[in-house]
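In case it helps, the numbering used here puts the sequence shown at residues 1 to 639. Structure, as structure tokens:
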Amino acid sequence: MPKKSEYGASNIQVLEGLEAVRKRPAMYIGSTDSMGLHHIFTEILDNSVDEAIAGFCDNIWVTLNKDGSCTVQDNGRGIPIETHPQTKVSTLETVMTNLHAGGKFDGSAYKVSGGLHGVGMKCTNALSEWVETVVYLDGGEYRQDYKRGAPQAPVKKVGNTRKTGTKHTFLPDSQIFTETIWDFKKILTKCRQHAYLTAGLRFTLKDNRVEKGESPKIFQLYFEDGIKSYVQFLNLDERSVSDEPFYMNKSEDNIWVEVAMQYTDSMDENVMCYTNNINNPEGGTHLAGFRTALTSTLNVYAQSNELLRGVKGTLSGDDVREGLTAVVSVKVTDPQFEGQTKIKLNNPEVKGVVSKLVREGFLTYLKENPSIAKNVIGKAVLANKAKAAAKAARDAVIRKSALESSALPGKLADCISNDPAECELYIVEGDSAGGSAKQGRDRHTQAVLPLRGKIINTHKYRVDRVLGNNEFNNITTALGVGIGDTLDTSKLRYHKIIIMSDADVDGLHITTLVLTLLFRFFRPLIEQGYIYVAQPPLFKVEIGKKRYYFINEREKDAFLTKTKLSGKKPVVNRFKGLGEMDPEQLWDTTMSPEDRVLKQVFIEDGQEAEHTFEMLMGNEVPPRKRFIQKYANKAILDV
Ligand code: 28F
């Protein structure tokens, strides 16, 4: 039984609640690595943003302190401090320590906007070594401190002030987190997203963790046009069909609907949905309402202006969403999400309201901007026709390969085993390396598909053009999973797809082209961890009869330093390409599962990946040029 005298320990239920969070933190914040660490930050930040959405706050300050703690402050109303009716302690202490009070608690950690504030701050409190909370309210400054969630003393008035708001300073508990260093980029990205989603809300970010003498980094984030600026940011590297995005912000039946959208000449669809500023990657009823309204409005306008020549029937949803960047942000008082993870909004009433308001707003926009309307519908008609052509081409490719007895490409040296789990496909640059790989490999489990020359940049072309490219078809057929929306990873013939090319600029370009192809048409293969990049050695060091191989300069130099004492003169040479290695060397250094080094490819952030491929492989040269200039000093040039 905790000592009665120690303040705050008297309420057993409070301690047990916080203990539960500390015992199984991952159940509340997902993990205790860097993701979980930044989750306890966003729980606090979201409470300030909720206060802004409720209309009581327009400034949020985030400061990373030298001691590793983080301070978040807002100029909202300030958490109430009067004695809570049920718990008999201050409301502040209740919302900071009692898991079952404050906000809507139904087992899921989602928050409710409109100033009811969620359960998040209890978790942050329980998982922090200490928290100092200051509330500015009714002319007074009130403070309470906590250690691993336990309040150290009752709320105390420590001064007078004209400010209002709430300030938490917290130090993540190194007993809980495997990572306690804040990642400024993650914090900046999170604040930027909130700034876009809450027009007029100003963020001031400050990183005080700088070396002596260096001045701290300060960032201001403020978007008067909210999600309209967000769409412009997302389209930065693209060519847009209109200078200004379409923007609307209306409400009905206590549901706020805000939409910004703009078409570009790319072919991808990028529609991001939010409920009360929470991102819903799997969409939901707001997305359904938006899509219905978009398709019907464009068809109604196109038909009444005779813009559908050559289209069989009407434009489909896919046709009208090609090249569309949009943000759909709704604010509802009682959001119902799918399960614990808030990835999909379920409120049925939202679909009808979004559909009605978007239909009205977008039709007016099209009538007021006939040239943009013509442009947008022209793109959709082209997409419709290209899809028909692509379907014909795909059928032709499938029919062709079905007709040919050996459906597999002639150049594929397949492996003997039929068990995908042990089979590997090496996609190799060039015939000479392909030849060595075929000879050096383990025929039982390793297949080799040589690529002759460069494959098409699949980021830039429609699927009908890409399907005409021989190299592309060879890879598609070898993988055996179909492409795009017909993709079925259960048919994958190899559970390791290894891209092997020279370690020079050309080789890296080939690797990038193959990764672009996989990212665009076989993304689940990347997401499920089947894709690897081989790391052929860059250096060979011969000492007497012995040969040593190294994949980079650092390892080679470390080895040379170590062997300098042996007195024997080492002979160092740098591999220009895979072709320089005989089959045995290629096996020993790059293909043998015991000794090889493979880099597994995965997508940490889909948005970021889209951006990077667009910048690297897209039509716009300036963004790529800026990237090259920015990172030129880091390039390892082929000498
Ligand atoms: C740095 C993090 O947490 N800001 C917050 C408020 C304001 C109110 C509030 C919060 C629980 C059940 C009410 C004030 N006055 N920033 C923050 N600002 N929580 S958290 O209320 C939570 C209580 O009912 C607030 C009137 N209504 C709400």
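C-beta: ideal position from N, C-alpha, C; glycine also.
Taking DSSP's pairing of strands, which residues face residue i in a bridge?
i, result
"C70", "L64 and F170"
"P450", "V428"
"Q528", "Paired residue(s): none; Q528 is not in a bridge."
"V134", "R143 and K167"
"M272", "V327"
"M500", "V428"
"L205", "V62 and F219"
"Q193", "Answer is none; Q193 lacks a bridge partner."
"T124", "Bridge partners of T124: none, in fact."
"F337", "L345"
"W256", "S251 and K331"
"T83", "S90"
"R547", "E542"
"A534", "L598"
"I278", "T275"
Since I believe residue j is in contact with residue i (beta carbons under 8 Å), could you give me their beta-carbon distance rounded to a whole number of angstroms?
i, j, result
"I497", "L425", "5 Å"
"P450", "G434", "3 Å"
"G529", "Q600", "6 Å"
"V350", "H286", "5 Å"
"R443", "C415", "6 Å"
"K342", "N280", "7 Å"
"G430", "G579", "7 Å"
"T97", "V14", "5 Å"
"M267", "F246", "Not really, about 20 Å apart at Cβ, beyond 8 Å."
"D582", "S436", "7 Å"
"Y549", "F559", "No, Y549 and F559 are not in contact; Cβ-Cβ is about 10 Å, not under 8 Å."
"A380", "E306", "That pair is no contact at about 15 Å."
"T178", "T32", "6 Å"
"V376", "L298", "7 Å"
"Y7", "A199", "Y7 to A199, Cβ: 43 Å. No contact."
State yes or no: is the C-beta of residue i within less than 9 Å of the C-beta of residue j?
i, j, result
"K122", "V21", "yes"
"N346", "D334", "no"
"P172", "I40", "yes"
"S355", "T292", "yes"
"L479", "V327", "no"
"L640", "I81", "What is shown of the chain runs 1 to 639, which leaves residue 640 out entirely."
"L294", "V353", "no"
"T325", "L382", "no"
"E16", "I29", "no"
"L363", "V300", "yes"
"L18", "R77", "no"
"I510", "I455", "yes"
"G361", "V259", "yes"
"K385", "V311", "yes"
"S229", "Y274", "no"
"R239", "K66", "no"
"T331", "F337", "In the sequence as presented, Thr is not what sits at residue 331; that position holds Lys. No, the pair does not count as a contact, with Cβ atoms beyond the cut-off."
"H495", "E594", "no"
"P623", "L236", "yes"
"Y365", "M248", "yes"
"I628", "I526", "no"
"K163", "N75", "yes"
Among the options, whose alpha-carbon lies nearest the alpha-carbon of residue i?
i, options, result
"K23", "A150, P80, I176 and Q13", "I176"
"L201", "F184, E214, I181 and E224", "E224"
"K157", "G149, A150 and D145", "D145"
"W182", "S34, I218 and K342", "S34"
"K190", "S329, Q439, N75 and V49", "V49"
"I475", "I427, N254 and E368", "I427"
"A150", "T94, K163 and D138", "T94"
"Q220", "N249, I187 and A437", "I187"
"N11", "T71, K88, F522 and L37", "K88"
"P216", "R143, V597, G139 and F184", "F184"
"Q193", "K163, T589, D46 and Q152", "D46"
"N418", "G313, D488, E555 and L492", "L492"
"K702", "I531, K564 and K568", "This structure cannot settle anything about residue 702, because the visible part of the chain is limited to 1 through 639."
"I79", "F290, S296, G140 and D557", "G140"
"E610", "S304, L508, F290 and E269", "E269"
* Asked: Does the stretch 509 to 523 come within contact of the stretch 611 to 626, defined as at least 3 CB pairs closer than 8 Å?
  -> Here the stretch 509 to 523 lies against the stretch 611 to 626, with 3 or more beta-carbon pairs under 8 Å apart.
* Any chance the stretch 120 to 132 sits against the stretch 155 to 169, with 3 or more Cβ pairs inside 8 Å? -> Yes, the stretch 120 to 132 touches the stretch 155 to 169.
* **Touching by the beta-carbon criterion (3+ pairs, under 8 Å), the stretch 535 to 543 and the stretch 487 to 507** => In this structure the stretch 535 to 543 lies against the stretch 487 to 507, because at least three pairs of beta carbons, one per stretch, are closer than 8 Å.
* To do: Count the CB pairs spanning the stretch 198 to 206 and the stretch 57 to 65 that are closer than 8 Å, and state whether there are at least three.
  => Touching, yes, given that three or more Cβ pairs across the two stretches are closer than 8 Å.
* **Sufficient close CB pairs (3 or more, under 8 Å) joining the stretch 567 to 575 to the stretch 537 to 551** => Yes, they touch.
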